[in-house]
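Asker:
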Amino acid sequence: LSQPSGRRFVWRLISHCGVYRNPSHGEDTHRTSEAIGAQNVGRFILGEAISASPELYMKMETEGRTR
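Remember, this note's numbering sits 334 above the position in the sequence shown when you count from 1.
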């Protein structure tokens with residue numbers, strides 16, 4: 335998180351995991367289950383990033399949301 339490229343990578347990974355999206359895919363339970371699993375991984379990474387450095391996490395989030 336101390337490098338801009340690292341923050342971009344972690345932000346893209348968290349975003350790809352759909353941490354901030356609704357995992358529901360209606361009647362498609364397989365896609366919903368897959369999305370929930372991806373969110374679980376993303377939330378783990380998110381928690382690790384926050385634990386490592388709350389300040390740099392906030393910087394990453396600000397940078398990520400402005401892109």
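A virtual CB, placed ideally from N, CA and C, is assigned to each residue, including glycine.
1. Check whether the region 339-357 and the region 375-387 touch, using three or more Cβ-Cβ pairs below 8 Å as the test.
2. Taking DSSP as the reference, what is the three-state secondary structure of Asn374?
3. Out of Trp345, Ser339, Ala369, Gln337, state which residue places its alpha-carbon closest to the alpha-carbon of Arg399.
4. Measuring straight from C-alpha to C-alpha, what distance separates Asn432 and Ile384?
Answerer: On the basis of the data shown:
1. Contact holds between the region 339-357 and the region 375-387, because three or more Cβ pairs, one in each stretch, are under 8 Å apart.
2. By 1-based counting over the sequence shown, the position of residue 374 is 40. Reduced to three states, the DSSP call for Asn374 is helix.
3. Here residue 399 refers to the residue found at position 65 when the sequence shown is read from its first residue. Residue Trp345 is the option with its Cα nearest to Arg399.
4. This structure cannot speak to residue 432, because the chain is shown only from 335 to 401.
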